[in-house]
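Notes follow once the structure below has been shown.
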Amino acid sequence: MANRYWCGECSFKTPWLGEPEGLRRQVEHYARKHPGTSPGGHVETRRRGPGSSHGCLQLAAIALVLLTIVAACRR
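Basically this note's numbering = 1-based index in the sequence shown + 77.
Below, the structure written as structure tokens:
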């Protein structure tokens with residue numbers, strides 16, 4: 078799972094990260110840009126982990142290559 082943390086005071090958002098790293102970056106942002114303000118905003122969550130690839134896209138590409146091979150062999 079990966080999370081993206083959004084600032085409640087400005088338009089800052091973290092990249093997709095694991096929970097500990099995302100929280101750390103959000104706290105650092107608040108300390109640097111909004112001193113004295115408690116971290117707020119919201120968290121966006123996606124099921125895919127950070128750095129994982131697009132499985133459906135890879136599957137579609139493989140299927141396309143296989144169809145091309147089958148079509149070439151039938152000629």
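In this text, a Cβ means the ideal position worked out from N, Cα and C, and glycines have one as well. Computed from a predicted model, the values in this text were never measured in an experiment.
query	result
Within 10 Å of its beta-carbon, does Gln135 have 16 or more other beta-carbons around it, so buried, or fewer, so exposed?	exposed
For Trp83, write down the residues that DSSP places opposite it in a beta bridge.	Lys90, His119
Report the residue from Arg81, Ser88, Glu105 whose alpha carbon sits nearest the alpha carbon of Glu96.	Arg81
By Cβ distance, which residues of its chain are closer than 8 Å to Gln103, with the 5 residues on each side in sequence left out?	Tyr82, Cys84, Thr91, Pro116, Gly118
Near Thr145, which residues of its chain fall below 8 Å by C-beta distance, leaving aside the five closest residues on each side in sequence?	none
Does the Cβ of Gly154 have 16 or more other Cβ atoms within 10 Å, making it buried, or fewer, making it exposed?	Absent from the model: residue 154. The displayed extent of the chain is 78 to 152, so no value can be given.
Please return the same chain residues whose Cβ sits closer than 7 Å to the Cβ of His153, not counting the five positions on each side in sequence.	The question about residue 153 has no answer here: the residues shown for the chain are numbered 78 through 152.
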